[in-house]
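Asker:
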Amino acid sequence: MIQLTNLDKYYSTKFTRTFVLKGIDLEIKSGEFVTIMGPSGAGKSTLLNIIGMLDEASAGEYLFMDEPVYKIKERKRSELHKHHIGFVFQAYHLIDELTVYENIETPLLYKGIKGKERKSMVADMLDRFNIVAKKDLFPEQLSGGQQQLVGVARAIVGQPKLLLADEPTGNLHTEQGHIIMDIFKKLNQQGMTIIQVTHSEENAQYGKRIVQLVDGMVKSDDLVAAEAG
Amino acid sequence: MIKNHISIAFRIFRKHPLFTTINLIGLSLGLTCTLFIFLWVQDELSFDRFHKQTDQLYQLIREETFPDGSYEYLTATPGLLGPTLKHDYAEISNTCRVGWQGDYSVKFNDNLLSKKVRFVDPSFFQMFSYSLISGTLEDVFQHPNEVIITKGTALSLFGEDQSIGEVITIRDSEYSYDLKVVAVLDDFPGNTFIHGTEILIPYEAVANNMDWLNNWSGNAFQLYVQLVENADVDALNLNIADIIKRHTNNETYQVFLQPLSERYLYSDIKPLRQATGRIVYVRLFSVIAVFVLIIACINFMNLITARSSVRVKEVGVRKSIGANRGELFNQFMSEASLIVVTSLMLALLSTVLIMPFFNSLTHKNLEIPWGQPIFYGVILLIMIFTSALAGSYPSVYLASINTVKALKGKWTSPGITLPIRKVLVVFQFTLSIVLMITAWVVYKQVEYFKTQHLGFDQENVIYFQSTQEIQPRQEFFNSRLTQIDGVKSATFTGSLPTSINVDTSSPNWPGKDQETKIDIQILFTGLNFTETTKLKLITGRDFTSMADTNKILVNSTMAGIVGQSSIIGKPLTFWGNEVEIIGVTEDFNSQSLREPVVPVIIWLNPSWSENVLVRISPDDIDDTISKIAGVYHQFSSDDAFNYHFLDETIEATYVGETTIGKLSAIFTGLAIGISCLGLFGLAAFTFERKQKETGIRKVLGASSKQLTFQFSREFLILVVFAVVIASPCAWWLSTKWLNQFYYHTEFHWTFIAFAAMTALAIAIITVGWHALKATLANPVDSLRYE
Numbered sequence: 000m001i002q003l004t005n006l007d008k009y010y011s012t013k014f015t016r017t018f019v020l021k022g023i024d025l026e027i028k029s030g031e032f033v034t035i036m037g038p039s040g041a042g043k044s045t046l047l048n049i050i051g052m053l054d055e056a057s058a059g060e061y062l063f064m065d066e067p068v069y070k071i072k073e074r075k076r077s078e079l080h081k082h083h084i085g086f087v088f089q090a091y092h093l094i095d096e097l098t099v100y101e102n103i104e105t106p107l108l109y110k111g112i113k114g115k116e117r118k119s120m121v122a123d124m125l126d127r128f129n130i131v132a133k134k135d136l137f138p139e140q141l142s143g144g145q146q147q148l149v150g151v152a153r154a155i156v157g158q159p160k161l162l163l164a165d166e167p168t169g170n171l172h173t174e175q176g177h178i179i180m181d182i183f184k185k186l187n188q189q190g191m192t193i194i195q196v197t198h199s200e201e202n203a204q205y206g207k208r209i210v211q212l213v214d215g216m217v218k219s220d221d222l223v224a225a226e227a228g
Numbered sequence: 000m001i002k003n004h005i006s007i008a009f010r011i012f013r014k015h016p017l018f019t020t021i022n023l024i025g026l027s028l029g030l031t032c033t034l035f036i037f038l039w040v041q042d043e044l045s046f047d048r049f050h051k052q053t054d055q056l057y058q059l060i061r062e063e064t065f066p067d068g069s070y071e072y073l074t075a076t077p078g079l080l081g082p083t084l085k086h087d088y089a090e091i092s093n094t095c096r097v098g099w100q101g102d103y104s105v106k107f108n109d110n111l112l113s114k115k116v117r118f119v120d121p122s123f124f125q126m127f128s129y130s131l132i133s134g135t136l137e138d139v140f141q142h143p144n145e146v147i148i149t150k151g152t153a154l155s156l157f158g159e160d161q162s163i164g165e166v167i168t169i170r171d172s173e174y175s176y177d178l179k180v181v182a183v184l185d186d187f188p189g190n191t192f193i194h195g196t197e198i199l200i201p202y203e204a205v206a207n208n209m210d211w212l213n214n215w216s217g218n219a220f221q222l223y224v225q226l227v228e229n230a231d232v233d234a235l236n237l238n239i240a241d242i243i244k245r246h247t248n249n250e251t252y253q254v255f256l257q258p259l260s261e262r263y264l265y266s267d268i269k270p271l272r273q274a275t276g277r278i279v280y281v282r283l284f285s286v287i288a289v290f291v292l293i294i295a296c297i298n299f300m301n302l303i304t305a306r307s308s309v310r311v312k313e314v315g316v317r318k319s320i321g322a323n324r325g326e327l328f329n330q331f332m333s334e335a336s337l338i339v340v341t342s343l344m345l346a347l348l349s350t351v352l353i354m355p356f357f358n359s360l361t362h363k364n365l366e367i368p369w370g371q372p373i374f375y376g377v378i379l380l381i382m383i384f385t386s387a388l389a390g391s392y393p394s395v396y397l398a399s400i401n402t403v404k405a406l407k408g409k410w411t412s413p414g415i416t417l418p419i420r421k422v423l424v425v426f427q428f429t430l431s432i433v434l435m436i437t438a439w440v441v442y443k444q445v446e447y448f449k450t451q452h453l454g455f456d457q458e459n460v461i462y463f464q465s466t467q468e469i470q471p472r473q474e475f476f477n478s479r480l481t482q483i484d485g486v487k488s489a490t491f492t493g494s495l496p497t498s499i500n501v502d503t504s505s506p507n508w509p510g511k512d513q514e515t516k517i518d519i520q521i522l523f524t525g526l527n528f529t530e531t532t533k534l535k536l537i538t539g540r541d542f543t544s545m546a547d548t549n550k551i552l553v554n555s556t557m558a559g560i561v562g563q564s565s566i567i568g569k570p571l572t573f574w575g576n577e578v579e580i581i582g583v584t585e586d587f588n589s590q591s592l593r594e595p596v597v598p599v600i601i602w603l604n605p606s607w608s609e610n611v612l613v614r615i616s617p618d619d620i621d622d623t624i625s626k627i628a629g630v631y632h633q634f635s636s637d638d639a640f641n642y643h644f645l646d647e648t649i650e651a652t653y654v655g656e657t658t659i660g661k662l663s664a665i666f667t668g669l670a671i672g673i674s675c676l677g678l679f680g681l682a683a684f685t686f687e688r689k690q691k692e693t694g695i696r697k698v699l700g701a702s703s704k705q706l707t708f709q710f711s712r713e714f715l716i717l718v719v720f721a722v723v724i725a726s727p728c729a730w731w732l733s734t735k736w737l738n739q740f741y742y743h744t745e746f747h748w749t750f751i752a753f754a755a756m757t758a759l760a761i762a763i764i765t766v767g768w769h770a771l772k773a774t775l776a777n778p779v780d781s782l783r784y785e
C-alpha cells in the first residue's frame, strides 16, 4: 500500500541543511498495524504527515497504492487523500464551532456524499461509539476521551483504507487510552491499515509491527514479538 | 455544504460580536456612502434627459468677444433669432423662446397669490415632455389669452375645484392680463431647466407690449432649438455662427448650440468653448464613493486577516480531513459574502432613514428607485464588487495556510503584510485629513461669502416689486413708507444692487480713448438710494430731487477709468442720452463674489426702477413688515405682497457652495469613521501579536502607562506621517478651489493644525483603548498560551 524509497526531509538555511528525515525506506502492506516510535525530534510526526500527504518530502519517492504521489497532479493527490486516509490527532482537533454531529459529517461533505447516505453513515458512527446522546453538543462540552472518540469517528466515517494516528492517547487518561486502542485493534481486524505514532510501549503492543526512528533514520523495524492476543 | 458554511459563519459571528459589529458597521458605512453618492450622481446626470426628443434638443449660446480677446458666454438672445433660425435652416425643426422666471401677482376671485411665471412660445409643448394632469395640450396657446398652470398652483388657486376654463388675472408692475386656464401640468420635476416655474404664458399674450419679440436689438430671450433627427450639429454650428452679425452688423457676437442635456452639468463655458461646471463635483464625488468603498473593503480585509489566527486551527483540521483549497476558499468567501449582504441590507435601511435629511441638505428630492431594474443591477454589481474585493484576499490567504504548521499552532501571520497594513492606514488617514482640511476651507469660504463687506449694508433690507399703482406715485409711496416707525429709508431700483443685469459697452465721454471698449453696468434708481443701501459717497453730491434725472453717480472703478481728476461735472453719453457725473461712490460688489468689482453707473431713473428697497430697523421686524404690507395694499389691492430679505437673497446665490460644503463635511465624517476602523483593525492585529511581549514586559516591571504610551506611539507616527503627506495636497486643492472666486478667504496654517489635531485625537482614542486593554491584561493569561 505504501512504498517509501530513500525519502529525505530537510530544511535549508543559507549555509546548512537540517535533516529531519534521511534515507527512509519503508514498505507498509495493506492490513498492517504499524507503530512508529522514537525519541522526541526523531521525525515521527513528520513521517506520518508525509505519509498522510499533509506535508511533502524534500527528496525520494513515495508510492501510495502504486501511484507515485509526487508525480501525480495535485487534484488527484487531494482525491487520494480525501478518499483513502483518515487522521486522528493527539489534541483531537475538532472544529470548535461545529457540533459533534457536524464534526463527524464534515469529511463526508468534502467527499460529496449525498444527504440520506451521509445521515445514515453519521448515525452509524454515533451508534457505534455510543455517543448518540452527545450529537448536538459542542467539543468544549465534552471530556478529552469523548472528544477523541469523536475524533476517531470523524477519521473513519468515510471508510478510509488507511488510518493515521499521531499520539492518539497522549492527552488521555490510561482508561480512556485503552478504549481508543481497543477500537483501533478492532478496526485493524476488520481490515483497516493503521499507522500510529506513540511513546507508549503499551500502546505499541496493540499493533503488529514497530518501526524505531532515531535522528530521522530507521533504526529498527520489527514485528511485535510474542503476540499477546 | 452551503448550509454548513452558513451555520458556522453565524456561530463565529455570535462568538465574536464586537468584531462582527465593527466589520458590519465599517462596510455599511462605506456602502451607505456609496449608495447616496450613486443616487445623487444619477440625479445630477438625469437633468433634462427625460424628454422624448432629448437627443435633438439644444440651447443656443451667445459668445461675446471683447477687444482684449476675452470671451463671455450668455444665454440671452434677440427675439427674432429663433424664428429666423427655424425659417432659414432645414436642420432646425423647431425653436422655442423661453423668458426668465419672474414673480407676478395672480388673482382668482378673492384669492391673491404671488407666483413664478415664465413666458414661452407655443412650440414649448412640442419640444419638451412634461406630464399633463388635466386639460389638453393640443392646439395649446392658439389663442393669446391662454395660460397653463402647474398642479400646485391649481391647488392654491382653486382648491379641489375644476380649474380648466377659469379665467385668472396676472399682473406685473406695468400690465394686467386676463387669461383662461387651458391645461394643468404636473409640478415641474427638480431635474429640469424650468424647475420652480408655476405658470406658463404664451408670448402672444404680451406681444403688443413687447417690441423685443420682433426685433434684433434686445437680448431678452433664452432660445431652445430642436434639430431634425440625425442632424450634424457641428456643421450647423459653423453655419449659424455669424447669424446675429448678418442681421445686426454686431461683430462681437457668435452663436452655437449646446445640448440641453449638458446645460446643467456643463453650464460654465470657458474660452474655446470648453464646458465645465457641476460635472466636476459629480466626478469628484464619484471618485470619493469608489475610494470610500475601497477603503471600507480594505479595512474588512485587514480585520479578517488580523483575526486569522483564530481560524488557523480550523483550516488545518479541515485540510487534514479532506478539504482542498477551493473548498476552503468557498467557505471563507461565503462568510465574507454573508457579511457583505447583511451590510448591504443595513446600508439600504440607513439610506432610507437618512434620505429626508440628505434631501433637505442637497435641495433634492431623491428616493431609492425600488421600481427600476437598473437599481437592482447596480446593487448586485456593488455586492459582487465588494465581496470580491473584501473577501477574496482573506479567503485565498486563509485557504493557503500550511496544514502541518496550522495544526501545530506554530503558524503566525506573515510579517510582510504589516508594512502593507501600515501603508493602508497612512493612505486612509491622508485621505481623511485632506477631506477634513478642504471641507473646512469650503466652510470658511461660505462664511466669507456671508460676512464679506460688499460695499453696502445688505442686512435689515427687504425688497419687493413695485406695482402699476405704485409706479406713477413713487414719491408719495416712499413718504408713506417712511412714516412707519420701523422704516428707516426706502428707495426704488432697477436691478438689485447685488446683481445688476443691465449694461452698456458704448459709453462716451470727453477724452475717452476710443480704442478701449469697456462694459459698464447700469443701475437705475430712485431717490434715497445711498441712504437706504448705506453706500458711501466719496466725493461730489447725492441725488437731491427729481430734477437730477439726467445726473449720475459712478463707483470708484468707473471713476478710475474716466479719470479721477475733475471728474465731477463731466458729461457722459450712452444709449443716446447725455448725463452728468455728480458724485463718486465707494466700490461695491454688483455681482457675486466670484467676480471682481466692475465699473458701475448709478442713474436716477425712477420710471425704470421697479424694485422697492426698504431699510428697516432690526427691532420688531414682523410688525414693521405687516405695516409695509398695509401701505402696499392701500395702493394696490390686486397685487400680492411678496417680499424678500436682501441678505437671504445674496446667501441663496451661494447655495451651490453651501451644499458642497455640507456634503464634504458629511463625507469627511464618514472617511474619518472608516479610517478609525482601519486603525482599529491594525491595532487589533498588532496587539494580538504583541500579547506575549506585553506579558514579558509586565513581568519585567513595565507599568501599563508606559506600555500604553510605547505601543500607541508607533501608530501615532503613522498619523503624523499622513499629516505630512496630506498637508501639501490639501493646500494645493484648497488654493485651486478658492482661486475660482475673485474674492476669497486665504488658506491658513491653522486649517492644517486643526485637522492634524483632530486626526491625532481620534487616533489616540482608537489606539489608546486597545493599548490600555492589552496592557491591563493579566500577564499570566497571555503567557499561558506559549
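The listed protein sequences derive, respectively, from chains E and B. For the first sequence, position 147 (counting from the first letter as 1) is numbered 146 according to numbering that gives the first Met the number 0, and the numbering increases by one without interruption. For the second sequence, position 769 (counting from the first letter as 1) is numbered 768 according to numbering that gives the first Met the number 0, and the numbering increases by one without interruption. By construction, the Cβ of each residue, glycine as well, lies at the ideal position given by its N, Cα and C atoms.
With burial defined as no fewer than 16 other Cβ atoms inside 10 Å of the residue's Cβ, what is the status of V289 (chain B): buried or exposed?
Answerer: By 1-based counting over the second sequence, the position of residue 289 (chain B) is 290. V289 (chain B) comes out exposed.
Asker: Assuming I528 (chain B) and T492 (chain B) form a contact by the criterion Cβ under 8 Å, report the distance between their Cβ atoms to the nearest whole angstrom.
Answerer: By one-based count along the second sequence, residue 528 (chain B) stands at place 529. By one-based count along the second sequence, residue 492 (chain B) stands at place 493. Checking the displayed sequence, the identity of residue 528 (chain B) turns out to be Phe instead of Ile. Between T492 (chain B) and F528 (chain B) the Cβ distance is about 7 Å, and since that is below 8 Å, they are a contact.
Asker: Straight-line CA distance for E165 (chain B) to L156 (chain B)?
Answerer: Taking the first residue of the second sequence as 1, we reach residue 165 (chain B) at position 166. Taking the first residue of the second sequence as 1, we reach residue 156 (chain B) at position 157. Distance between the alpha carbons of E165 (chain B) and L156 (chain B): 10 Å.
Asker: Just grab the DSSP bridge partners of H643 (chain B) for me.
Answerer: If you number the second sequence from 1, residue 643 (chain B) lands on position 644. Note: H643 (chain B) sits in a beta bridge opposite B:Y462.
Asker: Ordered along the chain, which non-local residues of its own chain (more than five positions away) have a Cβ less than 8 Å from that of H198 (chain E)?
Answerer: If you number the first sequence from 1, residue 198 (chain E) lands on position 199. The answer, listed in chain order, is M36, E166 and G169.
Asker: Within 8 Å (strictly less), CB to CB, does G414 (chain B) reach chain E?
Answerer: Here residue 414 (chain B) refers to the residue found at position 415 when the second sequence is read from its first residue. With a pLDDT of only 47 at G414 (chain B), under the threshold of 50, the placement of this residue in the model should not be trusted, and no figure is reported.
Asker: Rounded to the nearest angstrom, how far is the Cβ of L365 (chain B) from that of F357 (chain B), given a contact under 8 Å?
Answerer: Locating residue 365 (chain B) in the second sequence gives position 366, counting from the first residue. Locating residue 357 (chain B) in the second sequence gives position 358, counting from the first residue. 7 Å between Cβ atoms; contact.
Asker: Do you know how far the Cα of P509 (chain B) is from the Cα of P598 (chain B)?
Answerer: Position 599 of the second sequence holds residue 598 (chain B). Position 510 of the second sequence holds residue 509 (chain B). Straight-line Cα distance between these residues: approximately 17 Å.
Asker: Can a CB atom of chain E be found closer than 8 Å to the CB of S349 (chain B)?
Answerer: Sequence index remark: in the second sequence, residue 349 (chain B) carries index 350 (1-based). No, no contact with chain E.
Asker: Hey, is the region 339-350 of chain B in contact with the region 428-435 of chain B, meaning 3+ C-beta pairs nearer than 8 Å?
Answerer: As far as the Cβ criterion goes, the region 339-350 of chain B does not touch the region 428-435 of chain B, which means the pair count is below three.
Asker: In this structure, what does DSSP give as the bridge partners for D109 (chain B)?
Answerer: Locating residue 109 (chain B) in the second sequence gives position 110, where the first residue counts as 1. DSSP lists no partner for D109 (chain B).
Asker: Assign F679 (chain B) to one of two classes, buried (16 or more other C-beta atoms within 10 Å of its C-beta) or exposed (fewer than that).
Answerer: The count along the second sequence starts at 1 and reaches residue 679 (chain B) at position 680. Label assigned to F679 (chain B): buried.
Asker: Work out the CA separation of L256 (chain B) and Y72 (chain B) for me, nearest whole Å.
Answerer: Along the second sequence, read from residue 1 onward, the residue named residue 72 (chain B) stands at position 73. Along the second sequence, read from residue 1 onward, the residue named residue 256 (chain B) stands at position 257. C-alpha separation (whole angstroms): 12 Å.
Asker: Buried or exposed: M332 (chain B), going by 16 or more other Cβ atoms within 10 Å of its Cβ?
Answerer: Sequence index remark: in the second sequence, residue 332 (chain B) carries index 333 (1-based). Flag for M332 (chain B) reads buried.
Asker: Answer yes if the region 174-184 of chain E comes into contact with the region 147-157 of chain E, meaning at least three C-beta pairs across the two stretches below 8 Å, and no otherwise.
Answerer: Touching, per the Cβ criterion.
Asker: Kindly list the residues whose CB is nearer than 6 Å to the CB of A755 (chain B), restricted to its own chain and excluding five residues on each side of it in sequence; keep chain order.
Answerer: On the second sequence, position 756 is the one that residue 755 (chain B) refers to. Excluding sequence neighbours, A755 (chain B) sits near V722.
Asker: Mapping the DSSP letters down to three states, classify Y176 (chain B) as helix, strand or coil.
Answerer: Here the question's residue 176 (chain B) lines up with position 177 in the second sequence. It is a strand residue.
Asker: Which of the three DSSP states is assigned to T437 (chain B) in this structure?
Answerer: The residue given as residue 437 (chain B) occupies position 438 in the second sequence. The answer is helix: DSSP assigns T437 (chain B) an H, G or I state.
Asker: What first and last residue would you give for the beta strand (DSSP E) that runs through N187 (chain E)?
Answerer: Taking the first residue of the first sequence as 1, we reach residue 187 (chain E) at position 188. Taken as a continuous stretch (DSSP letters only), N187 (chain E) belongs to no beta strand (DSSP E), being part of the alpha helix (DSSP H) at T173 to Q188.
Asker: Using a Cβ cut-off of 9 Å, pull out every chain B residue sitting near Y109 (chain E), in sequence order please.
Answerer: Working through the first sequence from its first residue, we reach residue 109 (chain E) at position 110. Simply M0, R317, I320, G321, A322, N323 and E326.
Asker: Residues of chain E with CB closer than 7 Å to the CB of V403 (chain B), please, in chain order.
Answerer: On the second sequence, position 404 is the one that residue 403 (chain B) refers to. Correct list: N48, L53 and D54.
Asker: From Q89 (chain E) to F9 (chain B), what does the alpha carbon distance come to, in whole angstroms?
Answerer: Counting from 1 along the first sequence, the entry for residue 89 (chain E) is found at position 90. Counting from 1 along the second sequence, the entry for residue 9 (chain B) is found at position 10. Roughly 28 Å separates the two Cα atoms.
Asker: If we cut at 8 Å on Cβ distances, does H198 (chain E) have a partner in chain B?
Answerer: In the first sequence, the residue the question calls residue 198 (chain E) occupies position 199. It does not; no Cβ of chain B falls within 8 Å.
Asker: Using the Cβ count rule (16 or more neighbours within 10 Å means buried), how would you classify K115 (chain E)?
Answerer: Start at 1 with the first residue of the first sequence, and residue 115 (chain E) comes out as number 116. Flag for K115 (chain E) reads exposed.
Asker: Which one of E:A203, E:S11 and E:D220 has the shortest CA to CA distance from H177 (chain E)?
Answerer: Within the first sequence, the letter at position 178 stands for residue 177 (chain E). Considering only alpha carbons, the answer is E:A203.
Asker: Is T33 (chain B) near the ligand SAH, judged by its Cβ being under 7 Å from some heavy atom?
Answerer: The ligand SAH is not part of the structure shown, which contains no ligands of any sort.
Asker: Throw me the rounded Cβ distance for the V486 (chain B) and L480 (chain B) pair, which I believe falls under 8 Å.
Answerer: Indexing the second sequence from 1 puts residue 486 (chain B) at position 487. Indexing the second sequence from 1 puts residue 480 (chain B) at position 481. Contact holds; Cβ gap of about 5 Å.
Asker: Please report the straight-line C-alpha distance between I600 (chain B) and G134 (chain B), rounded to a whole angstrom.
Answerer: Translated into positions along the second sequence, residue 600 (chain B) becomes position 601. Translated into positions along the second sequence, residue 134 (chain B) becomes position 135. I600 (chain B) and G134 (chain B): Cα-Cα distance of roughly 48 Å.
Asker: What is the rounded straight-line gap between the Cα of H15 (chain B) and the Cα of E201 (chain E)?
Answerer: If you number the second sequence from 1, residue 15 (chain B) lands on position 16. If you number the first sequence from 1, residue 201 (chain E) lands on position 202. Going from the Cα of H15 (chain B) to the Cα of E201 (chain E) covers about 43 Å.
Asker: Where does the unbroken alpha helix (DSSP H) through G629 (chain B) begin, and where does it stop?
Answerer: Within the second sequence, residue 629 (chain B) is the residue found at index 630, counting from 1. Looking at the DSSP string, the run of the alpha helix (DSSP H) that includes G629 (chain B) is I620 to F634.
Asker: May I ask you to list the residues that DSSP assigns as paired with V139 (chain B)?
Answerer: Here residue 139 (chain B) refers to the residue found at position 140 of the second sequence. Answer is none; V139 (chain B) lacks a bridge partner.
Asker: Could you give the residue range of the alpha helix (DSSP H) that holds E145 (chain B)?
Answerer: Taking the first residue of the second sequence as position 1, residue 145 (chain B) is located at position 146. Where E145 (chain B) is concerned, there is no enclosing alpha helix (DSSP H), although the beta strand (DSSP E) it sits in stretches over E145 to T149.
Asker: Cα separation between H643 (chain B) and F463 (chain B)?
Answerer: By one-based count along the second sequence, residue 643 (chain B) stands at place 644. By one-based count along the second sequence, residue 463 (chain B) stands at place 464. Between H643 (chain B) and F463 (chain B), the C-alpha separation is close to 7 Å.
Asker: Please say whether I194 (chain E) and I23 (chain E) have beta carbons closer to each other than 8 Å?
Answerer: Taking the first residue of the first sequence as 1, we reach residue 23 (chain E) at position 24. Taking the first residue of the first sequence as 1, we reach residue 194 (chain E) at position 195. Contact flag unset, no.
Asker: Note down, in chain order, all residues in the region 301-313 of chain B with a beta-carbon under 9 Å from any beta-carbon belonging to chain E.
Answerer: Answer set for the region 301-313 of chain B: K312 and E313.
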